[in-house]
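If you read the sequence shown in the UniProt record's numbering, its first letter stands for residue 1, the second for the next number, and so on. All residues carry an ideal CB built from backbone N, CA and C; glycine is no exception. Data block below; observations after.
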Amino acid sequence: MSQFDHTSTTNDVIADINLHGKRVVVTGASSGLGVETARVMAAAGAAVTLVARDQDKLATALAGLQEAVPGATFDAAIADLADLDSVRTGAAAILAHAPQIDILVNNAGIMACPLLRTAQGFEMQFGTNHVGHFLLTSLLMPALLQGAPARVVNLSSAAHKFAPVNLEDPNYQQRDYQKWQSYGESKTANVLFSVGLEQRFGARGVHALAVHPGMIATELGRHMDQADFEMIAGDTDPADMPYKSIPAGAATSVWAATSPELAGRGGLYLEDCHIAEPAAGDSRGGVESYALDAQAADQLWSLTEELIGEAFATG
Ligand SMILES: NC(=O)c1ccc[n+]([C@@H]2O[C@H](COP(=O)([O-])OP(=O)(O)OC[C@H]3O[C@@H](n4cnc5c(N)ncnc54)[C@H](OP(=O)(O)O)[C@@H]3O)[C@@H](O)[C@H]2O)c1
């Protein structure tokens, strides 16, 4: 039973953890939860690779982190998850300085954008949140196996409750686009990817965990309008919404990545620094059974390999 909860911060969960000699890679390290995740891992002694798509934002984040954690080792790589060629270039840059990876945090994400397409034509949320990370993880798998026992943390969301993945039409080619449904599908895909990774690599010491960080005011809301905020609030008074600070929001990712309690475990969905209960009723918490479904995880795995045109690395 975890000693932490929804109030715990990154500093709380890292307090007894020593990451000296470890290599951590964090995507979406130019903003929000990614920067905080990188900061606290570096403060615990890890060498941290910051992955982002925007050179200027990455440079600003790097400068802030170097000031926050003097003497820490930071490396940086550019990868646009919405362009598989950029993911390949970025992965090569990461592997050049990190032949062994102990922790990969697939944190980058985009939410509720209008209908847009990635460089290869995938719907933007599914393409960025799932497909880009799938390929990146495949390309980094040899380094993760080198680091075993290693962990992959996939940032999902309670929004996975909005929808299972539509395996027939994941890229909205035959149905009307709905931005929240699409976000929900992509976040379900993040959980199913964790299940699929665990099935294939858990026995080889690479474990995968999916995380709902909570609700945190970050740049993730950049595409939201007033109606979206009202929809998210539902019947709850906006003043009573259970928002977390960024250090509390990033705590579950850091707990997933480092907690000794989770050693050797994977294919799980975590929230509030706990393993989530099955979803019940209209509660905001819990995990839907369709997100942990092994058969759906296999189907999504095959589908994604087809979309990227290559088999996932075997090591
Ligand atoms: N905040 C919440 O309430 C909440 C709730 C549930 C789940 N989450 C999940 O938590 C994760 C982190 O979100 P956040 O709240 O920290 O949001 P954020 O501040 O918007 O950070 C998202 C990061 O992802 C990067 N990103 C977006 N598209 C990308 C692309 N095509 N290629 C590479 N990087 C890309 C962004 O880069 P730029 O800076 O260049 O845009 C940014 O660094 C996301 O996966 C999100 O779905 C957040």
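In terms of side-chain proximity, the C-beta atom of residue 228 is found no nearer than 8 Å to any non-hydrogen atom of ligand 1. The C-beta distance from residue 94 to residue 140 rounds to 6 Å, short enough to fall under 8 Å.
Judged by DSSP in its simplified three-state form, residue 170 adopts coil rather than helix or strand. Taking each of 219, 204, 283, 244 in turn and checking the Cα distance to residue 266, the smallest one comes out for 204. In this structure residue 111 is buried. Its beta-carbon is surrounded by 16 or more other beta-carbon atoms within 10 angstroms. Short note on residue 24: C-beta not closer than 8 Å to any heavy atom of ligand 1. The C-alpha of residue 300 lies about 34 Å from the C-alpha of residue 17. By the 16-neighbour rule on beta-carbons within 10 angstroms, residue 132 is buried. Here residue 148 has 204, 205, 206 as same chain residues with Cβ atoms under 7 Å from its own Cβ, once five neighbours each way along the sequence are excluded. The Cβ neighbour count for residue 185, taken over all protein chains shown within 10 Å, is at least 16; the residue is labelled buried. Distance from the CA of residue 69 to the CA of residue 117, rounded to the nearest whole angstrom, comes to 37 Å. In the DSSP annotation of this structure, the continuous segment of the alpha helix (DSSP H) that includes residue 200 starts and ends at 179 to 201. Residue 73 has its alpha-carbon roughly 24 Å from the corresponding atom of residue 249. In this structure, ligand 1 has no non-hydrogen atom nearer than 8 Å to the beta-carbon of residue 308.
Judged by their CB atoms, residue 101 and residue 24 are nearer to each other than the 9 Å cut-off. Around the beta-carbon of residue 125, 16 or more other beta-carbon atoms lie within 10 Å, marking it buried. In the structure shown, residue 215 falls within a strand segment according to DSSP collapsed to helix, strand and coil. Taking 4 residues as the shortest admissible run, the segment 250 to 274 contains the following complete alpha helix (DSSP H) segments, listed from N- to C-terminal end: 251 to 258.
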